[in-house]
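In our numbering, each residue's number is its place in the sequence shown (first place is 1) plus 1.
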Amino acid sequence: MLAELSLKTFIDKIISNDPVPGGGSVSALNGAMAASLAAMVANLTAGRKKYAEVDELMRTLATQLENTAGKLLADVDRDSDAYNRVFAAFKMPKETDEEKAARSEAIQRETKYAAQVPMEVARAVHGILPQIATVAQKGNSNAVTDACVAMMCARTAVLGALLNVKINLSSIKDEDFVKAMAEEAARLEIDTIEQEKNLLLYAKENHGL
Numbered sequence: 002m003l004a005e006l007s008l009k010t011f012i013d014k015i016i017s018n019d020p021v022p023g024g025g026s027v028s029a030l031n032g033a034m035a036a037s038l039a040a041m042v043a044n045l046t047a048g049r050k051k052y053a054e055v056d057e058l059m060r061t062l063a064t065q066l067e068n069t070a071g072k073l074l075a076d077v078d079r080d081s082d083a084y085n086r087v088f089a090a091f092k093m094p095k096e097t098d099e100e101k102a103a104r105s106e107a108i109q110r111e112t113k114y115a116a117q118v119p120m121e122v123a124r125a126v127h128g129i130l131p132q133i134a135t136v137a138q139k140g141n142s143n144a145v146t147d148a149c150v151a152m153m154c155a156r157t158a159v160l161g162a163l164l165n166v167k168i169n170l171s172s173i174k175d176e177d178f179v180k181a182m183a184e185e186a187a188r189l190e191i192d193t194i195e196q197e198k199n200l201l202l203y204a205k206e207n208h209g210l
């Protein structure tokens, strides 16, 4: 399990000539770190008299963000598994017509899965962008930079995951599937960039960052 490796071992695996873990797994990890950092800010806010008015909100956000971080950490392995499934499909025998048909079907099926996994990552991380903005704007002001880093990690996670969606879509023959995924990817990309821009502008105008 990649998610259970030490940081050094994980980094060494990325450096190696093995194609996994690659950009998809790293994108999922960026998402997990974004959620974790935002949860930390919420936890640094909860229980403090100065932020009593948002105490319940921060406790709720901390729990939600921690849960999302756990799911995204699992996606680190899911993405690498998706790549391995595509690779295995390409290695299927192709001597007879039946084998060729089975191989082609498997390649299409597994490539769809390889597009769906990073799309799920992108959706999950995009879903916590408002939560990150909330902890940045209403949470402990001493940790606003941590919230901003969370947002930047989240942006990288979404856009990185979407790149993996797009590269897989280029090999999929199901036009309706490709169209729907491409349109959703475009929406997520635009909105993610906008939300990051808005938070960094807030940090600059209100905290001089």
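Each residue gets a CB set at the ideal place from its N, CA and C atoms; glycine is no exception.
- Its Cα nearest to that of R110, the residue A90 stands out among H127, P119 and A90.
- Taking the C-beta atoms as reference points, T46 is found nearer than 7 Å to G140.
- Boundaries for L210: no alpha helix (DSSP H) harbours it, and the DSSP string shows neither H nor E there.
- Per DSSP, the unbroken alpha helix (DSSP H) holding G71 starts and ends at D56 to F91.
- Look at the region 83 to 148 and you find these whole runs of alpha helix (DSSP H), each 4 residues long or longer: 98 to 139.
- Distances from the CA of L202 to each of E176, A155 and Q138 were compared; the closest alpha carbon is that of Q138.
- Between D82 and S26, the C-beta gap is not smaller than 7 Å, which leaves the two residues out of contact.
- For the 7 Å CB-CB criterion, Y84 and V159 do not form a contact.
- Scanning its chain for C-beta atoms nearer than 6 Å, with the 5 sequence neighbours on each side dropped, one finds around I129 the residues A36 and T69, in chain order.
- Taken atom to atom, the span from the alpha-carbon of I173 to that of T112 is near 7 Å.
- S142 has its alpha-carbon roughly 10 Å from the corresponding atom of A148.
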